[in-house]
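Numbering (full-length UniProt numbering), first residue to last: 1 to 103.
(1) Take residue 26 and list the residues in its own chain whose beta-carbon comes closer than 7 angstroms to its own, dropping the five residues that flank it on each side.
(2) Tell me whether the segment 47 to 61 and the segment 15 to 25 touch, counting them as touching only if at least three CB pairs, one residue from each stretch, are closer than 8 angstroms.
(3) Only counting the same chain, and skipping five residues up and downstream in sequence, which positions put a Cβ closer than 8 angstroms to that of residue 86?
(4) Taking DSSP's pairing of strands, which residues face residue 65 in a bridge?
(5) For residue 66, tell me which candidate among 10, 3, 32 has the shortest Cα-Cα distance.
(6) Quick check on this structure: which residue in 3, 11, 4, 30 has the alpha carbon closest to the alpha carbon of residue 61?
(7) If the criterion is Cβ atoms closer than 9 angstroms, does the pair residue 56 and residue 28 meet it?
(8) On the DSSP letters alone, give me the boundaries of the alpha helix (DSSP H) that residue 51 sits inside.
(9) Could you work out which residue in 39, 52, 38 is closest to residue 71 when comparing CA atoms only?
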């Protein structure tokens, strides 16, 4: 993972919030992310595609739903930075773990 590209990706507030939410909950559906961030599905999907193409996130399909998680080959230094950022409670709380729109 190129350091400059990693930080460029996270410099966007929407992408940062997406990655931090996924980091906290290990895996989230696109529908949960759109609901939590109150953004349109196309906008969320565009940001998720960029994060996936850069190797920060990876996706998994289950029926019609797409779930995102940190890429399994994301370097340790990236995970450590995300863990530090996650300690700062400035990003939105993740969706309820009891009810998901795609369950």
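The C-beta atom is built at its ideal place from N, Cα and C for all residues, glycine as well.
Judging by the given coordinates:
(1) Excluding sequence neighbours, residue 26 sits near 69.
(2) Short answer: they touch.
(3) Leaving aside the five residues that flank residue 86 on each side, the residues in its chain whose CB is nearer than 8 angstroms to its CB run, in chain order, 20, 23, 24.
(4) In DSSP, residue 65 forms a bridge with 62.
(5) In terms of CA proximity to residue 66, 32 leads the group 10, 3, 32.
(6) Of the listed residues, the one whose Cα sits closest to residue 61 is 30.
(7) Contact flag unset, no.
(8) Start and end: 41 to 53.
(9) With distances taken between Cα atoms, residue 71 lies closest to 52.
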